[in-house]
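Residue numbers (my numbering): 108 to 666.
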Amino acid sequence: MNNIDIKSTNPVGGKSKNFIYEIIDEDLKTNKWGGNVHTRFPPEPNGYLHIGHAKSICLNYGIARDYNGKFNLRFDDTNPEKEEQEYVDSIIEDVKWLGGDFEDRILYGSDYFEQMYLWAVDLIKKGKAYVCDLNADEIRQSRGTLTEPGKESPYRNRTIEENLELFERMHKGEFPNGSKTLRAKIDMSSPNINLRDPIMYRIVHEEHHRQGNDWCIYPTYDWAHGNEDSIEGITHSICTLEFENHRPLYDWFLDQLGVHHPQQIEFARLNLSYTVMSKRRLLQLVKEGFVDGWDDPRMPTISGYRRRGYTPESIRNFAEIIGVAKRDALTDIALLEYAIRDDLNKRANRVMAVLKPLKVVITNYDSEEELEAVNNPEDPDAGTRKIPFSRELFIEQSDFMENPPKGFYRLVPGGEVRLRYAYIIKCEEVIKNDNGDVIELRCTYDPETKSGAGSSNKKVKGVIHWVSAKNCFDAEVRLYDRLFTVENPGADEDWLGKLNPNSLEVISNAKLEPSLKNSKPLDKFQFERMGYFCVDFKYTTNEKLVFNRTVTLKDSWKK
RNA sequence: UGCCCCGUGGUGUAAUUGGCAACACGUCUGACUCUGGAUCAGGAGUUCAAGGUUCGAGUCCUUGCGGGGCAGCCA
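Next comes the structure, spelled out in C-alpha cells:
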C-alpha cells in the first residue's frame, strides 16, 4: 500500500520514540527475533471499530512499516455467540481505509481451532490440564477472592486417560452447554487470579459465523490469544493495559507447549473526552436507537468519522500526536479536531453556503454578474471559479445584529460590511414581520468597492459570506455537537442520561452556491466562515444533497 | 484492603537513560488578512509528597498518598 508518510512519521532513528519502539530497538540489537518484526491487529468481530482501535492499528501497522516488518489483520473469533460476518466486513473496510496494510493476510483465530485442540491434548498428556465438571457457579465460588486463595476442584486429579477421554467426548458434542470445561492445572492459591486453574475450553453448541457447526467446544480468549500470536510468528504482541495481569498466564501456556513465544507489550487504550469508547456501550447506542447506526457521524467509530468527513490522514496524524504510553489518560477531543482542521485546511476547496438565510435586497443594484473567487488560498493549484451576484441575496442571520455587543464587526443598521468577493454594502433599512423578527434587509452597494478592482480605499472590518437568491439551491445540512454533555461519560453510571439532546441539528433549507450542485458523496468543502462539510453518503439522493458538518472553523470571536 | 500497572503545564506526550524540564493542542497578547479561518511573532502555565543516595534526581532507593486493572465458561 502507500508509504507516503513513512518519512514524516517514522520515528526510527528520530529522537522521540515511544517505549514500545525502545523495546523493539533493544530486541533488534540483541537479535532476539532474528531481525524480524511482526505485529498484528486482533479485533473480535463483535462490533464496529472505533477511534481507539485506530490508535492500535496505527501503532501496530506503523511499527511493521517503520521496521520493514509485517502486519497481520487477524480476527479473534472465538465466541460464536457475539460475532457476525457484518462486523468482519466492516472491520476489513475500516482497516483498509485507515491505511493499515495487511497485504493478503486476513487471518482468523478460528482457523487455528484444530491446532489449539491438539495443543490442549498435549497439555492434558503432560498433566497440565483437566476436565472439570463444576458448573459456572461452583467455579466462581471455588476461585476464592482478591484476598483469599481458591479451593482446588474435586476433578483436578483425574487421570490423564480419563481427561483425554472426557475431552474427546466434549469435542464430539456429548455434553450440554456449561456442563464441563477444560481447565489448566496451575495454582489455585496464586495471588494472580488468572492463574487459578483458568478455563481453556467451554462447551457452546452454537453455529460459528465461519466454522459453521464444526465445533461445539470453543477456546477461551486466555487460551486462544497467545496461541494465535504464536502460530502466526508474531514477535511483539501489543495489547492494552487490562491484559497485563494475563501475561503470566500466556507465558505459562507457551512455555508448557514449548512453541514460539511472542513478547507481549501493554499500552494505555485511548479515551476521548465527551464520548464513550467501549464496544458494549456503542452497541447499546445503536441497538436502542440513540444514534443512527454504527456510522452515525456523532459516533466515535471509524465509519462514523469517515461519514462525517474525517480523512484517514487526519486520523493517522492524530495517532501520532497523542503518542503511546502506559498511563491512563483522557484525551481532549480538541486534539482530534485540530488534526482534521489541519488536513482539510490544506485540501478542502472553499465555497459559500448560507445555513440560516436572511434576505438582503441591494436597492441600487439592478444587474447580474459573475465574480471570481479563489477555491483554496492554501493551494494555488486549486484555481478559481465564478460565482453569480444579483440584486437579491441571502446572508447568514447571525451576520446581522440590530443591537450588537461591542466588538461585533459584521452588519448592523447603518453599518457597512464587505460581501466576500463582491462589494461593500451598507444596511439602510431593517424590515420586520408582525412578531418583530428581522425578515429582510434593504442595503445599498458601493460600485467602487468591487473585489479586486482596487478603485476604492474604503476599508471595512467585517467580511461576510452570501449567496445569490436566484442562483443558489437548497440542501440539507446537518450540524453535529458533542454526543455527551460531560467530559467523561464513561465514568458515570448514568452515562445515557448524559447524552446531549442537541447533538444533531438538521437544517433542511440551507442555501448553497451553484458550484456545489454536482457534488458527490464524501466530497469535502470548507463553507467559508462556517466550517468543513462533507456530502453524506447515506441520505444524499439525486434530488437532495445532504451535508455533514465535519468540524467548525476555529472561532476567536468571543461572545 | 491480595497481586499487577501508572503518577511531568488545562490536555496528550518528550527529556540523548543521573546534567539548565521540552514539543503539540488549548489558552492569552500582538501583527497581517476580502474567511473573527490560515499564517507570523510573543506570553502565561509543569515533575504527587516526604525522606534517602549523589557534586547533581522528573529519572535511582524507601515510605506515604493518588489513579487504574483483576474474583466471565466475554475479549
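We put the CB at the ideal spot given by N, CA and C, even for glycine.
Since this is a predicted model, take the numbers as computed values, not measurements.
Q. Within this structure, are the beta carbons of Arg525 and Val570 separated by less than 8 angstroms?
A. yes
Q.
Once the 5 residues before and after Ser575 are set aside, which same chain residues still bring their CB inside 7 angstroms of it?
A. Within the same chain, Pro495, Phe496, Ser497 and Leu500 come within 7 angstroms of Ser575 by CB-CB distance, once the 5 residues on both sides are set aside.
**Q.** Assumed close pair Gln371, Ser344 - CB separation to whole angstroms, cut-off 8 angstroms
**A.** 4 angstroms
Q | Cutoff 6 angstroms; reference Gly280; Cβ partners in own chain excluding five residues on either side | A | Answer for Gly280: Cys323, listed in chain order.
Q. Measuring CB to CB, does Asn655 end up less than 8 angstroms from Asp643?
A. yes
Q) Which residues share a DSSP beta bridge with Gly638? A) Phe634
Q | Arg636, buried or exposed, once every other Cβ within 10 Å from all chains shown has been counted against 16 | A | buried
Q | Boundaries of the beta strand (DSSP E) in which Phe580 is found, first to last residue | A | Phe580 to Tyr587
Q. What separation, rounded to the nearest whole angstrom, lies between the Cα atoms of Phe178 and Asp599?
A. 37 angstroms
Q | Unbroken alpha helix (DSSP H) run spanning Leu230, endpoints | A | Phe220 to Lys232
**Q.** Beta-carbon proximity check, Met459 vs Pro326, cutoff 8 angstroms
**A.** no
Q | Beta carbon of Ile170 nearer than 8 angstroms to that of Ile127 | A | It is a contact, given that the beta carbons lie within the stated cut-off.
Q) Between Pro511 and Lys466, what straight-line distance do the alpha-carbon atoms span, to the nearest angstrom? A) 19 angstroms
Q | Local conformation of Gly416 per DSSP, three classes | A | coil
Q | Limits of the alpha helix (DSSP H) - the one that Ser197 falls within | A | Gln192 to Leu205
Q: Identify every residue that forms a DSSP beta bridge with Val398.
A: Note: Val398 sits in no beta bridge, so no partner.
Q. Between the segment 512-531 and the segment 434-446, are three or more C-beta pairs nearer than 8 angstroms?
A. Because the criterion of three Cβ pairs below 8 angstroms is not met, the segment 512-531 and the segment 434-446 do not touch.
**Q.** Nearest neighbour of Leu548, chosen from His315, Asn424, Glu583 and Gln504 [CA to CA]
**A.** Gln504
Q: Mind reading off the beta-carbon distance from Ser249 to Ser410? Whole number of angstroms is fine, and I expect it under 8 angstroms.
A: 44 angstroms between Cβ atoms; not a contact.
Q: Taking only the alpha-carbon atoms, compute the straight-line gap between Met406 and Tyr412 and give it to the nearest angstrom.
A: 7 angstroms
Q) Quick one: what's got a C-beta closer than 6 angstroms to Glu190's C-beta in the same chain, skipping five residues either side? A) Pro152, Asn153, Asp184 and His316
Q. To the nearest whole angstrom, what separates the beta carbons of Met551 and His157, a pair I think is in contact under 8 angstroms?
A. Note that residue 551 is Thr in the sequence shown, not Met. With a beta-carbon spacing of about 54 angstroms, Thr551 and His157 fall beyond the 8 angstroms limit used to define contacts.
Q: Give the secondary structure of Leu548 by DSSP, where H, G and I count as helix, E and B as strand, and everything else as coil.
A: strand
Q) Of the residues Leu166, Thr252, Leu289 and Glu210, which one's Cα is nearest the Cα of Asp229? A) Leu289
Q. For Asp486, which option in Pro261, Asn452, Ser474 and Val461 has the closest C-alpha, if you only look at C-alpha atoms?
A. Of the candidates Pro261, Asn452, Ser474 and Val461, Asn452 places its Cα closest to the Cα of Asp486.
**Q.** DSSP state of Gln681 mapped onto helix, strand, coil
**A.** Here the chain has residues from 108 to 666 only, and residue 681 is not among them.
Q. When the Cα of Asn242 is compared with those of Ile231, Ser260 and Arg387, which residue comes out closest?
A. For the options Ile231, Ser260 and Arg387, the alpha carbon positioned closest to that of Asn242 is the one of Ser260.
Q: Quickly, what does DSSP pair Leu526 with across the bridge? List them, please.
A: Ile571
Q) Is the distance from the Cβ of Thr146 to the Cβ of Asn167 below 8 angstroms? A) yes
Q: Report the partner residues of Ala460 according to the DSSP bridge assignment.
A: Leu619
(Q) For a quick check, are the C-beta atoms of Ala582 and Leu652 less than 8 angstroms apart? (A) Yes, the Cβ-Cβ distance between Ala582 and Leu652 is below 8 angstroms.
Q) alpha helix (DSSP H) containing Ala446: first to last residue? A) Ile440 to Arg454
Q: Can you give me the Cβ contacts of His368 inside the same chain, cut-off strictly under 6 angstroms, excluding the 5 residues immediately before and after it?
A: Leu361
Q | Contacts around Thr659, its chain only, beta-carbon distance under 6 angstroms, and the 5 residues preceding and following it disregarded | A | Gly638
Q: Could you tell me if Gln94 is buried or exposed, where buried requires 16 or more neighbouring beta carbons within 10 angstroms of its beta carbon?
A: A query on residue 94 cannot be resolved here, the shown segment of the chain reaching from 108 to 666 and no further.
**Q.** Gly216 - DSSP class collapsed to helix/strand/coil
**A.** helix
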